[in-house]
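At the far end of the sequence shown sits residue 746, using my numbering, and the numbering has no gaps. Quick reminder that beta carbons are idealized off the backbone N, C-alpha and C, glycines included. Values in this document were obtained by computation on a predicted structure and should not be read as measured data.
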Amino acid sequence: MKRSLVAAFVLSAAMTVALAASDKEPPPAGALAGAPPQFTRFSVAELQRGFIALAFGSDLRIGARPLGVRRFDRPIVARVVAGGSVDRTAAMTRIVEEYAGKVPTLNLSLATGDSTDIEIRLIDERDFKAALRDAFGAEVTKTFVARTNPQCMTSVKSSAEGKILHAVSFIIVDKGDRVFFDCAYHELLHAFGLSNHDQRNPWTTLNQNRMVGYLSVYDRALLTLLYDPRMTPGMTAAGARAALPRVIQDLGLGGQGAKP
Ligand SMILES: [Zn+2]
């Protein structure tokens, strides 16, 4: 009896390994020294799990509980608002361009006129709390800072139907390259609608125990899923769970095809 239990346990451990993310690669060219390696192939279940964890809920919710998926349903215009004691405007602009190029369905471009969907404000750390107070008021800022001790942050306003109306990201520029790049890639994912964190997910930059600092194959896949026309604003978690395997398959993201 005891022996067969051990055998069953070993078998299930072996199966878990067989299903785990594979094709480990070094961080992409241009990533900072010390950036973690990444996996480039994921199972349908691994992508589905990350999507459900990250596209629903958030740390800082004000007002009515959003019912489901939140995303833009129109072309997205981003504006980098220069500021802080270290000039990171060009680096931040390149990151926006990278997202635009690697996830074409975002339909993302840099602002040329007055209208803006995502405002990316570059600031020094000492101005962070004041910036939050300006944006959200003293009470919300106090609660939020006490609860999450944030280093950077993003606020997303969406309609009751789940359409994102406007997002503002605050990115710290004066605490070194690692903090800047980690925040820049991380906060933009929030601004596009991946609102939550998952501290147990080993592949995403939305795990606050990791510092990534580049657009990983995994996060790019989640964003590509979110901006598939079938993942509509307001979609429930149950609806998303039902739709995802097919969408993942059609986009070639599960198993094969997930290449950097
Ligand atoms: Zn975050």
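Tell me where the alpha helix (DSSP H) around Phe-667 begins and ends.
Looking up residue 667 in the sequence shown gives position 181. From DSSP, the alpha helix (DSSP H) with Phe-667 extends over 663-678.
Based on the DSSP secondary-structure assignment, which residues constitute the bridge partners of Val-566? Locating residue 566 in the sequence shown gives position 80, where the first residue counts as 1. Val-566 has Ile-606 as its beta-bridge partners, per DSSP.
Determine the closest residue to His-472 out of Leu-651, Ser-645, Tyr-704 and Gly-648, with distance taken between C-alpha atoms. Lying before the first or after the last residue shown, residue 472 is absent from the chain, which here runs from 487 to 746.
query = Do the CB positions of Thr-591 and Asp-714 come within less than 8 Å of each other?
reply = Translated into positions along the sequence shown, residue 591 becomes position 105. Translated into positions along the sequence shown, residue 714 becomes position 228. Their beta carbons are under 8 Å apart, which means Thr-591 touches Asp-714 by this criterion.
- Could you tell me whether any non-hydrogen atom of ligand 1 is closer than 7 Å to the CB of Leu-533? Counted from its first residue, the sequence shown places residue 533 at position 47. Because no heavy atom of ligand 1 lies under 7 Å away, the Cβ of Leu-533 does not count as near it: no.
Practice task
Starting from Met-721, trace the beta strand (DSSP E) both ways and give me its first and last residue.
Solution key: Counting from 1 along the sequence shown, the entry for residue 721 is found at position 235. Following the DSSP letters along the chain, one finds Met-721 in no beta strand (DSSP E), marked with neither H nor E.
field: Any non-hydrogen atom of ligand 1 within 7 Å of Leu-692 CB
entry: Numbered from 1 along the sequence shown, position 206 holds the residue referred to as residue 692. At least one heavy atom of ligand 1 sits closer than 7 Å to the Cβ of Leu-692.
Quiz item: Do His-683 and ligand 1 come close, with the Cβ less than 7 Å from some heavy atom?
Solution: To locate residue 683, count along the sequence shown from 1; it is residue 197. Shortest gap from the CB of His-683 to any heavy atom of ligand 1: under 7 Å.
query = What are the complete alpha helix (DSSP H) segments, minimum 4 residues, inside the segment 603-652?
reply = Entirely contained in the segment 603-652, the alpha helix (DSSP H) runs reaching 4 residues are, in chain order, 614-622 and 624-634.
Could you give the residue range of the beta strand (DSSP E) that holds Thr-526?
Within the sequence shown, numbered from 1, the residue matching residue 526 stands at position 40. Thr-526 -> beta strand (DSSP E) spans 524-527.
Exercise. So Glu-611 and Arg-565 are in contact, right, with Cβ under 8 Å, and what is the actual spacing, rounded?
Worked result: On the sequence shown, residue 611 is found 125 positions in, with the first residue counted as 1. On the sequence shown, residue 565 is found 79 positions in, with the first residue counted as 1. Incorrect: roughly 22 Å between the Cβ atoms, too far for contact.
- request: Give the DSSP bridge partners of Lys-510, in chain order.
  value: Translated into positions along the sequence shown, residue 510 becomes position 24. Answer is Phe-525, bridged to Lys-510.
| request: Output yes or no for whether 8 Å exceeds the beta carbon distance between Ile-538 and Ala-729. | output: The residue given as residue 538 occupies position 52 in the sequence shown. The residue given as residue 729 occupies position 243 in the sequence shown. For Ile-538 and Ala-729, no; Cβs fall outside 8 Å.
- [ ] Report back the beta-carbon spacing between Leu-553 and Arg-664 to the nearest angstrom; my notes put them in contact at under 8 Å.
- [x] As a working note, residue 553 is residue 67 in the sequence shown. As a working note, residue 664 is residue 178 in the sequence shown. 36 Å between Cβ atoms; not a contact.
Exercise for review: Assign Asn-693 to buried or exposed, taking buried as 16 or more other Cβ atoms, counted over all protein chains shown, within 10 Å of its Cβ.
Suggested key: Position 207 of the sequence shown holds residue 693. Here Asn-693 is buried. Its C-beta has 16 or more other C-beta atoms within 10 Å.
query: If you follow the alpha helix (DSSP H) that Leu-712 is part of, which residue opens it and which one closes it?
result: Here residue 712 refers to the residue found at position 226 of the sequence shown. 703-712 is the extent of the alpha helix (DSSP H) around Leu-712.
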